[in-house]
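2 protein chains.
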Amino acid sequence: MERLPGFRDFYPEPLPQPDLWSADARQYIFDKWRSMARRYGFREYDGPPLEPLELFTTKSGEEIVGQLYNFIDKGERAISLRPEMTPTLARMIAAYERGYKKPFKWFALPQLFRYERQQKGRLREHFQFNADIIGERDPAADAELIALVIDTLRSFGLTEQDFVIRLSSRNAWQEFFQQRQGDPAQEYAFYQIIDKLERETPEASEQKLKLAGLSLAEVSAFIEQGKATAELQTILDNLAARGLSEYVKIDYHVIRGLAYYTGVVFEAFDRKGEFRAIAGGGRYDNLVKLISGGKVDLPALGFGMGDVVLLELLKARALLPRFDAALDGYCLIEDETLRAASLKLIQDLRAAGFVVDYSLTPTKSDKQFKRAQELKAANTLKVERNLAGELMAKVKNLKTRQETVVPVSEAATRLGETKG
Amino acid sequence: MERLPGFRDFYPEPLPQPDLWSADARQYIFDKWRSMARRYGFREYDGPPLEPLELFTTKSGEEIVGQLYNFIDKGERAISLRPEMTPTLARMIAAYERGYKKPFKWFALPQLFRYERQQKGRLREHFQFNADIIGERDPAADAELIALVIDTLRSFGLTEQDFVIRLSSRNAWQEFFQQRQGDPAQEYAFYQIIDKLERETPEASEQKLKLAGLSLAEVSAFIEQGKATAELQTILDNLAARGLSEYVKIDYHVIRGLAYYTGVVFEAFDRKGEFRAIAGGGRYDNLVKLISGGKVDLPALGFGMGDVVLLELLKARALLPRFDAALDGYCLIEDETLRAASLKLIQDLRAAGFVVDYSLTPTKSDKQFKRAQELKAANTLKVERNLAGELMAKVKNLKTRQETVVPVSEAATRLGETKG
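Note that the protein sequences, when read in sequence, are chains A and B. According to the working numbering, the residues represented by the first sequence are 0 to 419, in order. According to the working numbering, the residues represented by the second sequence are 0 to 419, in order.
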């Protein structure tokens, strides 16, 4: 029986085939995401992976609606697996915004879903690190959020040689559009053209822009000039104060596809341009109001960072560590009359917080030792009786080959020393 | 806009309403689950939350089929959200069993789904700690798994006063059934009667048993006697060697509803009998073969522990810690000319691994201090200039009220000391 197309199984390392997805790498990424979000004072939240379809159809713009993984449930409800987290966040905030001090900084690590009929082989789910700041209009919030993106990527070992944040602004593009007397009804369509500029031929873009009464030349000149607005300059200064200037540049190519963005937008890219965006985000000051039906009006901004592109990048830059069971000890049981005493030792070591494994059934001594090595155990442990008949533990450090014999009651202390 | 019935939002603590679900409590539970599984040498895996419907319908027995959250997708496929993890695990193992040394010990923390039409207000999803041992027929594996259940519950502060593992065996019931010349075709139906014994009236059970040619009296006598089979005795002895006897008892009431169980089965219950089962599991030696269409034949056993009952129990026993942002420092910015220097300090502290927050925008000094207290920050930090014009950091421990002034470059070290 096969799994569904576009979905992933995650296997423990070492992987029997290199093209399998690693559960350890996934957890490594989750841990880094969670840890950096917390360091920045962000607090975790989550919502259901399923939502009423209308939560997504009315707010996110055409870009996302055609890709929804939606269906009708047994209760005849129109449902969608969540394609993004922001509408759920807006819904949750609208319900309890008075219960939290503003501005609040929240994060989540949701699995997101999409269903595209045409593109075979493409994934239909991924995990995404989402962080948002709610209730703060000042660009200081944008800077804080961008700093989090930068520090998160740095925590994986990526440097300013590897990635850059392309900083842009819908406000700047709006001003550009209005100065040229663009038709307000065409504004979102114009953003879509800018969004696709780098992926389409100049001819195709030129033609589309002409329909909107604009020329590719003036659009290109505006991008080329790349002059920071006052708002963007404030953000650049803030990031400079943190020593993060090398990680950001103004780039008006970026405008973000989703309809709900309102101000500053940004994307993180690898410097070599080999991969799709590593992360992207921006302001969506009107979304909470929209989702709450006008009840709650709060400025907001956030970003999403997916696990798939990040993992590709980390692999390409050889930045993934080796994953194993991280065994502190493997208990060798060579004398079956000592199995009960060995189980007690294993129990005590685990109770002390150590990662310990052993052969569940009687096994040849050399096979047990080989297994300890395969599992990359830091130590082997063996229960023995000394001449006085007392139970002793022989602890052998597999790296230094150093061997110590201590009373079983002191084995945990001994293991702690070799660990330190 | 409302979320779907039966689904949960998870909010950060402190919760604005006590009936909300806590994202912090959920993560606390996940961390304990993951940590204990690793200590036992179990390795993490995961599969998709969606699977082809047939993965569940043909293998799990009627108990689960009626409750599936299933639907037809855009590609006309019959899909189900996973109601349990074991079929996915069996599918994954069947695909790559040769790539892993046997026996292997795997765990997952999946979100599981069900759809019951009638019972309103009941949850349609929960999270479950799943741990399985694959490729070992010896009862030593059953004991290892049960020890993991016990130690996991103990890691939350629960003791033998709070819970007990009720140990039972389908083999024992099978023998009982065969000795009384039960109709083999009625065997699974008989197990279902036993499974419901504690929830139905004696009259109803008596009647059903009569149809199967058995009497409630002989069934009750068998349960009452509670004599351990040789297999169960081996498990009890193994657990006794670990010092865990107080946590287990033979109880033949337990038989587990799912069709695929084959041997030893068990459930964890609170001693007072206030809650539903905290965890349950057992052997399913034939399932991998079934799922793989006969290709792979491996004995297996596992358990599931849900987050909902566990959380209820921990709340009832007052065993949940208080959750907060765990701030190491809150940076006070009272002089706006020092904001840039403060941002640099915050950046350096976060880079050193500390959890640090601050007011994004200019805020009255007393309000900033109040916020630091609300967030239960361990310290406040303030950048100042000394008489020589050098940037200093004033670090104040909010518990001891002790205040130190150090060069900004030494603030991280100082914070580390107050932490240790």
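Ideal placement from N, C-alpha and C gives every residue a C-beta, glycine not left out. Predicted, not measured: the structure shown is a model, and the values here were computed from it.
For this session: Measure from the C-beta of A:Gly242 to each C-beta in chain B and report whether the shortest distance is under 8 Å.
Result: For the purposes of this step, residue 242 of chain A is taken as residue 243 along the first sequence, with counting starting at 1. Yes, A:Gly242 lies at the interface with chain B (some Cβ there is under 8 Å from its Cβ).
Exercise. Whose C-alpha, out of B:Thr261, B:Tyr251, B:Asp182 and B:His125, is nearest the C-alpha of B:Leu196?
Worked result: Here the question's residue 196 of chain B lines up with position 197 in the second sequence. Checking every option, the nearest Cα to that of B:Leu196 belongs to B:Tyr251.
For this session: Could you have a look at B:Arg384 and say whether DSSP puts it in helix, strand or coil?
Result: Translated into positions along the second sequence, residue 384 of chain B becomes position 385. B:Arg384: strand per DSSP, three-state reduction.
Exercise. At a Cβ cut of 9 Å, what residues of the stretch 6 to 19 of chain A count as close to chain C, listed as they run along the chain?
Worked result: In the structure shown, chain C cannot be found, because the protein chains are A and B.
Problem set entry | Touching by the beta-carbon criterion (3+ pairs, under 8 Å), the stretch 355 to 366 of chain A and the stretch 303 to 310 of chain A | no
For this session: Enumerate in chain order the residues of its own chain whose CB-to-CB distance from A:Leu297 is below 6 Å, with the five nearest sequence positions on each side excluded.
Result: The count along the first sequence starts at 1 and reaches residue 297 of chain A at position 298. Closer than 6 Å at Cβ, skipping near neighbours: Ile133, Gly134 and Val287.
Exercise. Going along chain B in order, which residues have a C-beta closer than 7 Å to the C-beta of A:Trp105?
Worked result: By 1-based counting over the first sequence, the position of residue 105 of chain A is 106. Here the neighbours are Pro11.
Exercise. Taking Cβ-Cβ distances shorter than 7 Å, what residues in chain A pair up with B:Ala140?
Worked result: Here the question's residue 140 of chain B lines up with position 141 in the second sequence. Going along chain A in sequence order, the residues near B:Ala140 (Cβ under 7 Å) are Leu359.
Exercise. So the beta strand (DSSP E) A:Gln127 belongs to, where does it begin and stop?
Worked result: Taking the first sequence and counting its residues from 1, one reaches residue 127 of chain A at position 128. Per DSSP, A:Gln127 belongs to the beta strand (DSSP E) from Glu124 to Ile133.
Exercise. Using a C-beta to C-beta distance shorter than 9 Å, which residues of chain B count as neighbours of A:Gln346?
Worked result: Mapped onto the first sequence, residue 346 of chain A falls at position 347. Correct list: Ala146, Asp150, Ala240, Arg241, Gly242 and Leu243.
For this session: Taking only the alpha-carbon atoms, compute the straight-line gap between B:Asp45 and A:Pro320 and give it to the nearest angstrom.
Result: Translated into the one-based positions of the second sequence, residue 45 of chain B becomes position 46. Translated into the one-based positions of the first sequence, residue 320 of chain A becomes position 321. Looking at the two C-alpha atoms, the distance is approximately 20 Å.
Problem set entry | A:Asp30 classed as buried or exposed, judged by whether at least 16 other C-beta atoms fall within 10 angstroms | Here residue 30 of chain A corresponds to residue number 31 of the first sequence, with the count starting at 1. So A:Asp30 counts as exposed.
Exercise. Are the CB atoms of A:Phe155 and A:Ala130 nearer to each other than 8 Å?
Worked result: Position 156 of the first sequence, counting from 1, holds the residue named residue 155 of chain A. Position 131 of the first sequence, counting from 1, holds the residue named residue 130 of chain A. In this structure, A:Ala130 does not lie closer than 8 Å to A:Phe155 by Cβ.
Exercise. Taking the Cβ atom as the reference point for each residue, do B:Ile164 and B:Tyr246 lie within a distance shorter than 8 Å?
Worked result: Taking the first residue of the second sequence as 1, we reach residue 164 of chain B at position 165. Taking the first residue of the second sequence as 1, we reach residue 246 of chain B at position 247. Yes, these two residues count as a Cβ contact at 8 Å.
Problem set entry | A:Arg136 - DSSP class collapsed to helix/strand/coil | For the purposes of this step, residue 136 of chain A is taken as the residue at position 137 of the first sequence. Note: A:Arg136 maps to coil in three-state DSSP.
Exercise. Would DSSP call B:Val308 helix, strand or coil?
Worked result: One-based indexing of the second sequence puts residue 308 of chain B at position 309. Residue state, collapsed to three classes: helix.
Exercise. At which residues does the beta strand (DSSP E) containing A:Tyr95 begin and terminate?
Worked result: Position 96 of the first sequence holds residue 95 of chain A. Note, A:Tyr95: premise wrong, no beta strand (DSSP E); alpha helix (DSSP H) at Thr85 to Tyr95.
Exercise. The alpha helix (DSSP H) with B:Pro183 in it runs from where to where?
Worked result: In the second sequence, the residue the question calls residue 183 of chain B occupies position 184. That residue, B:Pro183, is in no alpha helix (DSSP H); it is neither H nor E in DSSP.
Problem set entry | Ranges of the alpha helix (DSSP H) found wholly within the stretch 327 to 393 of chain A, counting only runs of at least 4 | 338 to 350 and 364 to 373
Exercise. At a CB-CB cut-off below 9 Å, which residues of chain B make contact with A:Val355?
Worked result: As a working note, residue 355 of chain A is residue 356 in the first sequence. Those within 9 Å of A:Val355 in chain B are Arg38, Tyr39 and Gly40.
Problem set entry | Assumed close pair B:Trp20, B:Tyr27 - CB separation to whole angstroms, cut-off 8 Å | As a working note, residue 20 of chain B is residue 21 in the second sequence. As a working note, residue 27 of chain B is residue 28 in the second sequence. Incorrect: roughly 13 Å between the Cβ atoms, too far for contact.
Exercise. Is the stretch 403 to 418 of chain B close to the stretch 369 to 387 of chain B, with three or more CB pairs under 8 Å?
Worked result: yes
Exercise. Do A:Arg270 and A:Gln160 have their C-beta atoms within less than 8 Å of each other?
Worked result: For the purposes of this step, residue 270 of chain A is taken as the residue at position 271 of the first sequence. For the purposes of this step, residue 160 of chain A is taken as the residue at position 161 of the first sequence. Yes, Cβ-Cβ distance for A:Arg270 and A:Gln160 is below 8 Å.
Exercise. Is it buried or exposed for A:Tyr260, if we count other Cβ within 10 angstroms and need 16 for buried?
Worked result: In the first sequence, counting from the first residue as 1, residue 260 of chain A sits at position 261. A:Tyr260 is buried by the Cβ-count criterion.
For this session: From the DSSP output, in three-state form, read off B:Glu223 for me.
Result: Position 224 of the second sequence, counted from the first residue, corresponds to residue 223 of chain B. The answer is helix: DSSP assigns B:Glu223 an H, G or I state.
Problem set entry | Interface residues of the stretch 258 to 283 of chain B facing chain A [CB-CB below 7 Å] | none
For this session: Note down, in chain order, each residue of its chain lying with its Cβ closer than 7 Å to the Cβ of B:Ser204, except the 5 sequence neighbours on either side.
Result: As a first step, residue 204 of chain B is located in the second sequence; it is residue number 205 there, counting from the start. Closer than 7 Å at the Cβ level, and outside the excluded window around B:Ser204, lie Ile192, Leu196 and Leu215.
Problem set entry | DSSP bridge partner residues for A:Ala278 (one or two, in chain order) | Taking the first sequence and counting its residues from 1, the one referred to as residue 278 of chain A is at position 279. In the DSSP output, where bridge partners are listed per residue, A:Ala278 has A:Ala267 and A:Met304.
Exercise. Are any of the Cβ atoms in chain A nearer than 8 Å to that of B:Arg349?
Worked result: Here residue 349 of chain B refers to the residue found at position 350 of the second sequence. With 8 Å as the cut-off, B:Arg349 counts as an interface residue toward chain A.
Exercise. Taking C-beta to C-beta, are A:Gln66 and A:Pro51 nearer than 8 Å?
Worked result: The sequence position of residue 66 of chain A within the first sequence is 67, counting from 1. The sequence position of residue 51 of chain A within the first sequence is 52, counting from 1. No, the pair does not count as a contact, with Cβ atoms beyond the cut-off.
Exercise. Closer than 8 Å, Cβ to any Cβ of chain B: which residues of the stretch 292 to 319 of chain A, in chain order?
Worked result: For the stretch 292 to 319 of chain A, the residues whose beta carbon sits under 8 Å from a beta carbon of chain B are, in order, Gly292.
For this session: Could you name the residues of chain A that B:Phe70 contacts, counting a contact when the two beta carbons are closer than 9 Å?
Result: What you label residue 70 of chain B is simply residue 71 of the second sequence in a count that begins at 1. Correct list: Phe70, Ile71, Asp72, Lys73 and Ile78.
Problem set entry | B:Gln26: contacting residues in chain A (beta-carbon distance under 7 Å) | In the second sequence, counting from the first residue as 1, residue 26 of chain B sits at position 27. Those are Glu43, listed as they occur along chain A.
Exercise. For chain A, is any of its Cβ atoms less than 8 Å away from the one on B:Asn378?
Worked result: Here residue 378 of chain B corresponds to residue number 379 of the second sequence, with the count starting at 1. Not one beta carbon of chain A lies nearer than 8 Å to the beta carbon of B:Asn378.
Problem set entry | B:Gly328, buried or exposed, once every other Cβ within 10 Å from all chains shown has been counted against 16 | As a working mapping, residue 328 of chain B is identified with position 329 in the second sequence. Under this definition B:Gly328 is a buried residue.
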